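The structure appears right after this line, and notes come after that.
Residue numbers (full-length UniProt numbering): 1 to 150.
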């Protein structure tokens, strides 16, 4: 079974960083076009296919890869997982669960819930660090103002 989960259109309205479908109405893109569209390198796209994150990419009769809009959606989603720090092994596990079909919905939810909890924990840590930086910057700003006045 191919990896076919994609990001729903409604979510694109909430998250403007999720790319919309290409305006020309096409559903077949070369690897160079996908690299330009996603910002991923051609090497990364080939690697994703080789390790099993993109095992369903169609090929022409001459062997050239042809990516679909669903592939672009999938790349957008795994890009989000990567951005949030999910290891490649976790992304592979998720992709494998998707390929197994609807009977793995619960396992997928558990995997994403655990990852979300980790992301929230790291955000809280970063917020605490940001608070310390803000406090220190405010100290320096106050010291600078005292120097300018005095």
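Every residue, glycine too, gets a C-beta built ideally from N, C-alpha and C.
All values reported here derive from a predicted model rather than from experimental measurement.
Which same chain residues end up closer than 6 Å to residue i when comparing Cβ atoms and leaving out the 5 residues on each side of it in sequence?
i           : result
residue 54  : 48
residue 23  : Reliability fails at residue 23, whose pLDDT of 49 lies under 50, so the model's placement of it is uncertain and the value that follows must be treated cautiously. Same-chain partners within the cutoff: there are none.
residue 113 : none
residue 13  : At residue 13 the pLDDT is 48, less than 50, meaning the model places this residue with poor confidence and gives no usable figure here.
In the DSSP assignment, find the unbroken alpha helix (DSSP H) run with residue i in it and report its ends.
i           : result
residue 148 : 105-149
Excluding the 5 residues preceding and the 5 following residue i in the sequence, name in chain order all residues of the same chain whose CB lies nearer than 7 Å to its CB.
i          : result
residue 59 : 65 and 66
residue 71 : 54 and 57
residue 35 : 41, 42 and 45
Could you check how far apart the C-beta atoms of residue i and residue j are, in whole angstroms? I think they sit under 8 Å.
i          : j           : result
residue 85 : residue 122 : 7 Å
residue 94 : residue 83  : Wrong, their Cβ atoms sit about 14 Å apart, outside the cutoff.
residue 90 : residue 115 : 7 Å
Looking only at its chain, what residues have a beta carbon closer than 8 Å to the beta carbon of residue i, apart from the 5 residues adjacent to it on each side?
i           : result
residue 51  : 88 and 92
residue 142 : none
residue 118 : 85
Does the Cβ of residue i lie closer than 7 Å to at least one heavy atom of the ligand PLP?
i           : result
residue 115 : Although the ligand PLP was asked about, the structure shown includes no ligands whatsoever.
Q: Return the chain-ordered ranges of every alpha helix (DSSP H) run that is complete within the UniProt domain "HTH merR-type" (28-97) and spans a minimum of 4 residues.
A: 31-38, 42-51 and 69-83
Q: Could you tell me whether the stretch 65-77 touches the stretch 26-34, using the rule of 3 or more Cβ pairs below 8 Å?
A: yes
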